[in-house]
Ligand code: SF4
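In my numbering, the protein residues as written are 7 to 202.
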């Protein structure tokens with residue numbers, strides 16, 4: 007039995023990409039050597055990210071009246087720890103996470119991105135005892151396109167179920183089914199270990 011306690015929203019994103027990532031990383035403990043996958047790429051160009059983070063107009067557009075940056079939050083209850091780019095405090099008294107992605111806006115919000123924001127929202131609600139009804143993503147490579155994500159009760163409940171599934175794999179050392187598009191396996195670090 008593992009004494010594993012916390013995971014990060016990035017690990018949850020990996021789980022959503024392929025549930026076996028959690029198994030290889032946290033049960034077998036095989037590390038991935040380089041940048042895991044594009045989907046968890048927070049942006050390798052720190053410089054560009056910093057330039058965007060200095061642009062106050064994005065926060066104004068989001069309706070922010072105040073902000074905190076580079077925020078570490080953890081929750082024993084959720085068994086989750088995460089670092090948020092920004093937390094905006096909005097005119098209506100609620101709060102909203104804001105995340106910068108070194109990515110193009112592709113006219114849809116990927117579920118991985120959505121649940122990353124939902125997990126941040128859960129951390130914020132618990133830590134600040136405040137409402138979180140929305141989150142924002144800035145797509146740096148699409149001229150800082152600002153996209154709003156609704157944080158719903160349904161998403162929050164589902165995120166908690168996902169956390170339970172992940173801890174079930176870790177604590178009970180379960181090798182998960184991978185019902186995923188096999189195209190994802192082509193450049194996966196674990197493809198030589200993986201039993202389909
Ligand atoms: S090879 Fe495919 S099934 Fe195995 S961990 Fe990688 S993405 Fe998942």
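For each residue, glycine too, the CB sits at the ideal point set by N, CA and C.
- For residue 190, the CB falls within less than 6 Å of some heavy atom of the ligand SF4.
- Taken in chain order, the complete beta strand (DSSP E) segments of 3 residues or longer contained in the segment 144-198 are 151-156.
- In the DSSP assignment, residue 118 falls within the alpha helix (DSSP H) that extends over 117-134.
- Relative to the ligand SF4, the beta carbon of residue 196 is positioned inside 6 Å of a heavy atom.
- Short note on residue 141: C-beta not closer than 6 Å to any heavy atom of the ligand SF4.
- For the pair residue 141 and residue 155, the CB atoms are nearer than the 7 Å cut-off.
- Not one heavy atom of the ligand SF4 falls within 6 Å of the beta-carbon of residue 162.
- Using a Cβ distance threshold of 7 Å, residue 132 and residue 81 count as a contacting pair.
- Residue 16 and residue 110 have their alpha carbons spaced roughly 19 Å apart.
- Under the criterion of beta carbons closer than 8 Å, residue 78 and residue 91 do not qualify as touching, at roughly 12 Å.
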